[in-house]
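Numbering (the numbering used here), first residue to last: 2 to 1732. Ideal Cβ positions, reconstructed from N, Cα and C, are used throughout, including at glycine. Bear in mind that the values here come from a model prediction, so they are computed numbers and not experimental data.
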C-alpha cells in the first residue's frame, strides 16, 4: 500500500525497560520512516542510553504474539493494517500497540531468504523456520528457484495486490524483487511471448490453502498485462466471470470460507502480440450433494445466501423468498449469518459481474427464479396414509409457489414428484414412489436442476469469451492456462466426491513429481554427467489403485452400477476382495461400511454409502418432461439434450412470428398511407423547399469566392450550414451507442461452445425403449475429462505454485508449526529444494549453445565440447557450476546470466566496430568525391581564367595602340608631361588619376568642358546612352586600364577624337567585348565576377534583353536589378561610383519621353520616373553625408555622378497613399525592396489571425474581380492559399515569435516550388507583389497598435483537449477502474471491494476512492514536470524533457526554435532529415544552442545541419520521448490485427505519456505531418520519416541486449508511422472543415454587404447598435452567425496539432482567442486594404 510522504500519524510506543520511564511515548511517524528511525527518535525523546541496542516489537491483541520489526520495516504500514479504532489511538487495552525494549546480544535478526535454495543447510526445520519468519513479517511468498510457495494468511493483505505491484513486477527477472505471485504471472506471460510456447500455471495444495484466491490474483495480473497493450471488453468479461463462478460454485467449509466445490481450468488465449484473443473455462465435477446435505460447520453455495440477504423487497415478492432458516436445504442448528452486510455487498457485486459477462436483466430474473424454486423444492413434504398407502405431497402453498416459479402446471408437478414412469417396448408402466424414494427423487431433482443451471452459466460465459475468429481464421494463438482444482480433502465424512477430488490431487502430484524430479534426473543420467540421485515419493501405485483398467476402484464401481441387484455392501465386498493385498488400500473391520486409501497426503477413510447412486445420478425423465412443458423458454434451455436442435427450432419459430408481424404491420401501413394520401404535399413543393440547401451543399467542397449569386441564398440557408456542421461534428466526436449486442449466438458458435464443455455435462436425455446404450456414469465422465486436462497441460511449459494452509482453525495471520511441517513433508518440499539447489537451471544442446553464444567462441568454432570447455575456462567459471554432457551443456542460473551479459557486451563491441568502419568508409567515399569535384572545379576555373585573360589582353593591346597614336599626335602640346610614359596602366600618373577623380566627383563637371564642343559632347553622351551604349567604366582587375570617356574628354581638345578612336573597332570583336563589359557593369556585377553560374545567368539576361529590345517593361527591369543585386559583392569592395549610368535604362518610345528628349532634364530624373524607379532600384554603396548633396537648383545635370535624391529616403515612400487597390498582376507591378517593416516580429496570436483574414480578403477580391487568371496570378493565388495554411498551423502557438522576414523566405520557397521551369522568371515578380501586400498589412498593424488603447495582457488558454479526469490533480491521469479483487485505497487505507468503481492513475498506478481524490498532495511519480518557471535549465541537450518545459513553455525552447526554422526554410528541401549535415558546423551550432538558444542565428547554417541537431536532441534524451516504461506497450499495440484497433491502442498509450513528453511529441508529430505533406518536393513520405525518427523517440529500454532492439525495428517504425499517417489524415480533414466554414462565412459576409449596400445608414453607430426592426435583426443574426463561424474556424485551427483520440472530442473549445468585434467590423468593411 502506498502512503504519501506528507502523511503522518501519531504513534504511541510503550517502553519495556529496566529503568523507570513514562507510560508511553507519542511520536509523529511519517510514511517513509523506518523502524530504525522510529527507535532513534524514541530513544532521544525518552532520554535513553544511545549506546545500547533497542528493538521495536508489534503486539496484536492482548496476550498475542510479539513480532519484532526489522530495521527497514515501516511501522506506519503495520498501523494501517490494524482495526480503524486502533489506528488513531492505540492503548494497551485495545491489544494493538508497539513496544520498545532493549535487545539482548544474542537477539539478532535472522538473515532473510527470499529463495530457499540459498539456505546453507537444507532441512525440514530450516525450511519451516524461514517460512515462519517471513510469515510473521507478512511475507507470505517464498521462492524455490522458479517455484512459488504461498502461505494462506486467512486475511486480505492490502500491501500486495494493488495495480502498482503489477507495474513493479512487469518485465523484471524472477528473483530480482521480493517473491510475489505477480512475478510468476509476468514470467509466464513473457516466456509465452518470447519463446512462443504455451504456458500452464499449476496451483496445488489442500483445501483451505488459498488456491482460489491465488487463481484470482493470476487472472487479475494477466488481464492487466494484456490491458496495457489494448483494453477491450474481453478482459472485462474474464474479470466478471470469476465472481459469478465463485457465487454459484463455492461454499463455506470447515477448512475454508471460500472453498471451490468444483475444479476449473481457465485458458487465456493470446495473439503473438500479447493481446487476449479469447478464453475458455472448463469445469470439473460440481459437488451436487452439498445442495441437500452437508456437515454442521459448513454452508450451502454462496449464491443462496447472497440472494436471500441482498434481494430487495420487490425481488423478494417476485421470487417468493423466505428467511434462510425457513428452507430445509439451508436450515442448520448453528446457522448464524453474522456477515449479513457483507452478503448484501456480495449480492450487488454478483449483479455487476453477471452484467459484465453479458447476462441481461431478464436472464438474471430467470436464474434467480430457478434458485428460488430449488430452495422451495426442499420444502416439499410427503405423507403416506396407512390405509390406502397413497403418497400425498404438500404443502399446497409450496406447490403453488413452485408452479409459479417454474411456470408449469401444478398437476404435472405433483405427478413428477410422486410417480415414476417406465417405458418398455410394448407398454408404459406408471408406478408410485415409496416414501423414501420420493424424498430421493425430490433431492435428485434439485441437484440435477442446479447442475443444469451451472452448466448453462458456464456455456454462456464461454460464449461471451469466444472470439469468432477462432472459428473463421487459422491464426496461431498462444495460451496461458491456470489450473485451480479442488484441494486435497480429509473430512469427517468422506464420500464419492472426496474420492474424485483426492484422485485429482494424486494426478497433479504425480505431474509435479514427473517434471521436477523424474524427467530432470533421467536427463542428467542419460547425458552421463556427475549426479547423485534424489529420491522422492512416487504415488503411481495409488493412481493405479483408483483408475487401473478392470481392477481399479472406478471400474469396479461402474461394473456394480450396471448390475440391477447391486448394493453398496456388495461393492465394498468386491473392493476388499480385489485389493486386500494392495499396500495403498487399507481394509477396515467388517462392521464399518468404510475403506481407507493411503494417499500421498495421508490416509483417508471413505464411507461407501450412496457411491452407486451418486455415480449414476442423472436428470430423471419425469423431471425433463416436466420442465420441457414449462411456459418459460429459459427452462427449455436448461434441460435441452441438444442445444443445437433447440436453437434451430427457436430460429424457425422466431421467423414465423416475424413474418406474421410484418404482414400485420404492412396492412396497417397501407391503411394509414391511404388515409394520408390526400394531405400529402406535392413533390414540387418539396423540391422548392430543398433546393437552396442542395445548391449550397453542391459547392461545399470547393472554395468559390465569387459573390455573383450570393443573393439567391436566403438567410435560413446559412442556419442550415452551421446546423449541419454542428451535427456532423457531434456525431463524429460522440460514440454511437450499440443497440444490438455484439456476441449474438448463432448455430456455428453454439456448436463450438457446446463442444468445449461436452466432457462434463449433466445427462438430460429421455431413454428410448429401443435404446441399448446407457448414458456414461459420473466416474467415466470424470476420468475422461481429467485425461483431456492432463493432455492439455502436458503440451505446455509448466509453472508451479504450492499453496500451504497456515492453521486449521482459519485464524488470521496465525502460523501453526505442526500443520506446516506436515504439509512440508507430504508435498516433498525438502526434496524439491534439494533438487532445485543441486540441479542446473539452464541447459542447451551443443548446437543451441553455439547459436546463442556464437560471438564468445573463436572464429570457426564448431559445436564440440572442447570449444565450449575452452570458453568456460577463459571466463574462469567455477567447475561446480556447469557440466558438459554427451549432447548438452548444463549451467546454473547465475552462470547463464553471466554468459548472456558477456555475450551482449561482445555483440555491442562488434556493432560499434562495424559502425566505426562504416563511418570511415563513408567519410572516405565523401572525401574522394569532394577531391574529384575540387579537381574538376580547378581545371574549369583555369580554363575560364585563361579565356578571360586572353580577352583582357586583346582589349589592352588595342587600347595601347590607340593611346600611342593619340599621344604621338598630342606630344607637342604635352611637353610638360613625362616623355617616356609607358602604354597601359603606367601612362596615368598619380596627378592625372587625382584630377580624374575630381572630375568624376564634381557636380558641375560639364562647366569645365570647351564652350564650343561642350554641347556636342553632351549630346554625344546622351545619344550613346539612348542607344544602349555608354562609356565603359574603369576596370578594377590587375593589369587593366580604366576605360572611361571622362579621361579622354579631359585629355583631348575635341570629342570627335574620342568617337573616332572607338569607331575604328566598330566591326571587330573588341567592340562586342566592350559591350559585354559595359553590360556587366550596368547590371551591377563586378568585373572580377567569374563564376560559371554567374556567367550563365548573365548570358541568359543578355539574350533576353536583346530579344525584347527597347520594349522591355519595368517588371523585367526590376528582375534584372534584383538578380544583379543578389550576386553583387559587399559594400566595401565597390568602387566609389554612383553614376546613374550604371543602370543605363533603354528609354521607352512614348510621347511623354519623346517630348522630354530636348529638355535639360534626364528622363530618369522626372518625378514620375523617380518614384517608379525607387520601387525596384537597389540602393548601393555606403551612406554619404549631406554635405555631398547637389544643389536643388541644378537643372542642367544629365544623370550626375552622385545625386542622392529625396526619393531614396523611406519617409517619402511612407508618405504616399497606403490604400491598396485591387490586386492585378501586370507588367507595371511595383517591386518592393527589403523594407524596415519586415524586421517586425509577430508576438500576438491575434496578429496571426488578422494576417490570415487579410490575405483571405485579398484572395477573394482577386478571384471575384478577375475571371481568367494569368499563369503568374495563378502562382500567386496558389502560393498565398498554401501560405494561409501555414499561418493556420501556427494558431496553436501560445507565444509566437515569428519574424516577417522568415515568413517571406517561406513564401519565396513556396513560389519557387510551385513555379514550373518555364515560369522561373516570374518568381521574383510574385514575391515582390506579395511583399507589397505584406507591407500594406504591416503598416496597418503598426497604425492599429498606435491608435488602439493598450489592453492588459490576458492569460492565453492553450487550446488543448480537456483533461481525462477533471478531478485528477498534480499531473495524475485518473480514470475509472473496475476492481475485481479486493484492494486497498492508497490514500485512506480502507478496502475497495470487488466490483466497486475506483479511480486509478494510469501512469503511477495509484488507486483510491472517488472521495479521496481531494486528499492527493503528491505529484504523479512518472508524470513530473518542473513547475518553477524562474529556475532556468542549465543545459538543453541530454536532460529530461520535464526539466526543459514549464507552464509557460510546454515545448522545450531548442526544439521549438529548430522545428520552426525547418518549417519556414526547409520543407521543400529534397531528402530533408535523410541527409546529414556538416559535423563541424553541427558541433559549432550545438555549443551555441547548449548555452544560449536565443542567440543562435540559424540562417547562417545549412538546413541539414539544423535537421541533424533535431535528431541529436531526441537521441540524447535520457528517457526517450515515448518513454521506456511504455516501450513494450507501444510495440504490442502495433501488433493488433485490425487497423482501427492499432490506431486506438497507440493513441491510448500516447495519452499515458507525461505532460512534457506528450506536448513535445505532439509538436514533433505535427512538424512531421507538415514535412510529409510536401512529399512531392522533399521525397519524405510518412514511412520514410518513421524510419528516421523511430530510433530517436522510441528506443528499447534494454540497451544490454542488442538483438532485442534490432528485432523491434519494424514495430517501432510502424508505431511512429501510424501516428504520422493518422495525424496527417486528421489534419487534412480539419483543413477541409475550415474551408467549408470559410465558404459559409464568405456567403454570409456577402449577404451582409448586399443588405448594407441597399440600406441607407445615417449613423455609423447603427451597425453596432441596431434598432429592433426586421432588417436590423437580420443583420444582427448574420453578424452573430459570422462570429460563431469565425470562432469555430479558430477552434479547428488551434486543434490542428492535437494528438487526442477522436472519440474524446465532444465539446467545443473555449472562446478565449476568438476574433474581436473590431476585427469583425474590419472584415465586413468594403475596403479590402489592411487597416
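1) Would you mind stating whether residue 748 and residue 648 have Cβ atoms separated by less than 7 Å?
2) Using three-state DSSP, classify residue 497 as helix, strand or coil.
3) Taking buried to mean at least 16 other C-beta atoms within 10 Å of its own C-beta, is residue 1054 buried or exposed?
4) Helix or strand or just coil, what does DSSP make of residue 530?
5) Kindly list the residues whose CB is nearer than 8 Å to the CB of residue 203, restricted to its own chain and excluding five residues on each side of it in sequence; keep chain order.
6) Which full runs of the alpha helix (DSSP H) of 4+ residues lie inside the segment 854-884, going along the chain?
7) I think residue 252 touches residue 262, with their Cβ atoms under 8 Å apart; what is that distance to the nearest whole Å?
8) Using 8 Å for Cβ pairs, my map puts residue 385 next to residue 418. What's the rounded Cβ distance?
9) Look at the Cβ atom of residue 144, then the Cβ atom of residue 121, and state whether they are nearer than 7 Å.
10) If you draw a straight line from the C-alpha of residue 326 to the C-alpha of residue 612, how long is it?
11) Whole angstroms is fine: what's the gap from residue 1368's alpha carbon to residue 1413's?
12) Where does the unbroken alpha helix (DSSP H) through residue 355 begin, and where does it stop?
13) Whole angstroms are fine: how far does the CA of residue 1691 sit from the CA of residue 1245?
14) For a minimum of 4 consecutive residues, which ranges assigned as the alpha helix (DSSP H) are wholly contained in the segment 221-283?
15) Which residue from 1325, 592, 359, 603 puts its Cα closest to that of residue 460?
16) Which one or two residues does DSSP pair with residue 560 in a beta bridge?
17) How long is the line joining the alpha carbons of residue 858 and residue 885, rounded to whole angstroms?
18) Tell me where the beta strand (DSSP E) around residue 599 begins and ends.
19) If I follow the unbroken alpha helix (DSSP H) through residue 1654, where does it start and stop?
20) Does residue 1558 come out as helix, strand or coil in the three-state DSSP assignment?
21) Tell me whether the beta-carbon of residue 1570 lies closer than 7 Å to the beta-carbon of residue 1624.
22) In chain order, what residues of the same chain lie with their CB nearer than 8 Å to the CB of residue 1566, ignoring the 5 residues before and after it?
23) For residue 16, count neighbouring Cβ atoms within 10 angstroms of its own Cβ and tell me buried if that reaches 16, exposed if not.
24) Below 8 Å, can you find three or more Cβ-Cβ pairs linking the segment 529-546 to the segment 817-825?
25) Just curious, the alpha helix (DSSP H) that residue 71 is in, first and last residue?
26) Quick one: using the 10 Å Cβ neighbour count with 16 as the cut-off for buried, is residue 11 buried or exposed?
27) Quick one: using the 10 Å Cβ neighbour count with 16 as the cut-off for buried, is residue 666 buried or exposed?
28) Mark residue 397 as exposed unless 16 or more other C-beta atoms lie within 10 angstroms of its C-beta, in which case mark it buried.
29) Alpha carbon to alpha carbon, how far is residue 411 from residue 394? Give it in angstroms, no decimals.
30) Would the segment 551-562 and the segment 914-930 be scored as touching if the rule is three or more Cβ pairs under 8 Å?
31) Just verifying my parser: in three-state terms, what is the DSSP assignment at residue 305?
32) Please determine, among 1600, 25, 127, the residue with the shortest C-alpha to C-alpha distance to residue 905.
33) Residue 1334 and residue 1309: beta carbons closer than 7 Å?
34) Which residue from 1281, 428, 1305 puts its Cα closest to that of residue 1242?
35) I need the straight-line Cα distance from residue 640 to residue 628, nearest angstrom please.
36) Could you give the residue range of the beta strand (DSSP E) that holds residue 16?
Reading it off the structure:
1) Numbered from 1 along the chain shown, position 747 holds the residue referred to as residue 748. Numbered from 1 along the chain shown, position 647 holds the residue referred to as residue 648. Yes, the pair counts as a contact, with Cβ atoms nearer than the cut-off.
2) Taking the first residue of the chain shown as 1, we reach residue 497 at position 496. Reduced to three states, the DSSP call for residue 497 is helix.
3) Numbered from its first residue, the chain shown carries residue 1054 at position 1053. For residue 1054, the pLDDT reaches just 39, beneath the cut-off of 50, and the residue's location in the model is therefore unreliable, leaving the point undetermined.
4) Taking the first residue of the chain shown as 1, we reach residue 530 at position 529. For residue 530, the secondary structure class from DSSP, reduced to helix, strand or coil, is coil.
5) In the chain shown, counting from the first residue as 1, residue 203 sits at position 202. Taken in chain order, the residues that qualify are 484, 509, 512, 513, 794, 799, 800, 801, 802.
6) 866-875
7) The count along the chain shown starts at 1 and reaches residue 252 at position 251. The count along the chain shown starts at 1 and reaches residue 262 at position 261. Indeed they touch by this definition, with Cβ atoms about 5 Å apart.
8) One-based indexing of the chain shown puts residue 385 at position 384. One-based indexing of the chain shown puts residue 418 at position 417. About 13 Å separates the two Cβ atoms, so there is no contact after all.
9) For the purposes of this step, residue 144 is taken as residue 143 along the chain shown, with counting starting at 1. For the purposes of this step, residue 121 is taken as residue 120 along the chain shown, with counting starting at 1. For residue 144 and residue 121, no; Cβs fall outside 7 Å.
10) On the chain shown, position 325 is the one that residue 326 refers to. On the chain shown, position 611 is the one that residue 612 refers to. Rounded to the nearest angstrom, the two C-alpha atoms are 29 Å apart.
11) Position 1367 of the chain shown, counted from the first residue, corresponds to residue 1368. Position 1412 of the chain shown, counted from the first residue, corresponds to residue 1413. Note that residue 1368 scores 42 on pLDDT, short of 50, meaning its location in the model is unreliable; the coordinates nonetheless yield the value given after this. Computed Cα separation, rounded: 10 Å.
12) Translated into positions along the chain shown, residue 355 becomes position 354. Start and end: 341-357.
13) For the purposes of this step, residue 1245 is taken as the residue at position 1244 of the chain shown. For the purposes of this step, residue 1691 is taken as the residue at position 1690 of the chain shown. CA-to-CA, the gap between residue 1245 and residue 1691 works out to about 14 Å.
14) 234-250
15) Counting from one through the chain shown, the residue named residue 460 turns up at place 459. Selected option, being the one with the closest Cα: 359.
16) In the chain shown, residue 560 corresponds to position 559, counting from 1. According to DSSP, residue 560 shares a beta bridge with no other residue.
17) The residue you call residue 858 lines up with position 857 of the chain shown. The residue you call residue 885 lines up with position 884 of the chain shown. In a straight line, the C-alpha of residue 858 is about 16 Å away from that of residue 885.
18) Along the chain shown, read from residue 1 onward, the residue named residue 599 stands at position 598. Element bounds for residue 599: 595-600.
19) For this step, residue 1654 is matched to residue 1653 along the chain shown. Element bounds for residue 1654: 1610-1654.
20) Reading the chain shown from its first residue, position 1557 is the one you call residue 1558. Residue 1558 falls in the helix class under three-state DSSP.
21) Here residue 1570 refers to the residue found at position 1569 when the chain shown is read from its first residue. Here residue 1624 refers to the residue found at position 1623 when the chain shown is read from its first residue. Their beta carbons are under 7 Å apart, which means residue 1570 touches residue 1624 by this criterion.
22) As a first step, residue 1566 must be located in the chain shown, where it is residue number 1565. Within the same chain, residue 1566 has close Cβ partners 1620, 1621, 1624, 1698, 1700.
23) As a first step, residue 16 must be located in the chain shown, where it is residue number 15. The Cβ neighbour count for residue 16, taken over all protein chains shown within 10 Å, is at least 16; the residue is labelled buried.
24) no
25) As a first step, residue 71 is located in the chain shown; it is residue number 70 there, counting from the start. Judged by DSSP secondary structure, residue 71 falls outside any alpha helix (DSSP H); it is assigned neither H nor E.
26) As a first step, residue 11 must be located in the chain shown, where it is residue number 10. Its Cβ having fewer than 16 others within 10 Å, residue 11 is exposed.
27) Walking along the chain shown from the start, residue 666 turns up at place 665. With fewer than 16 Cβ atoms within 10 Å of its Cβ, residue 666 is classed as exposed.
28) The residue labelled residue 397 in the question sits at position 396 within the chain shown. Under this definition residue 397 is an exposed residue.
29) Along the chain shown, one-based indexing puts residue 394 at 393. Along the chain shown, one-based indexing puts residue 411 at 410. Spanning the two alpha carbons is a distance of roughly 11 Å.
30) The segment 551-562, when compared against the segment 914-930, does not touch it at the 8 Å Cβ threshold.
31) Looking up residue 305 in the chain shown gives position 304. Helix at residue 305.
32) Numbered from its first residue, the chain shown carries residue 905 at position 904. Out of 1600, 25, 127, 1600 has the C-alpha closest to the C-alpha of residue 905.
33) Numbered from 1 along the chain shown, position 1333 holds the residue referred to as residue 1334. Numbered from 1 along the chain shown, position 1308 holds the residue referred to as residue 1309. Not closer than 7 Å, so no.
34) As a working note, residue 1242 is residue 1241 in the chain shown. Checked all of 1281, 428, 1305; the closest Cα to residue 1242 is 1305.
35) Position 639 of the chain shown holds residue 640. Position 627 of the chain shown holds residue 628. Distance from the CA of residue 640 to the CA of residue 628, rounded to the nearest whole angstrom, comes to 7 Å.
36) As a working note, residue 16 is residue 15 in the chain shown. Residue 16 -> beta strand (DSSP E) spans 9-17.
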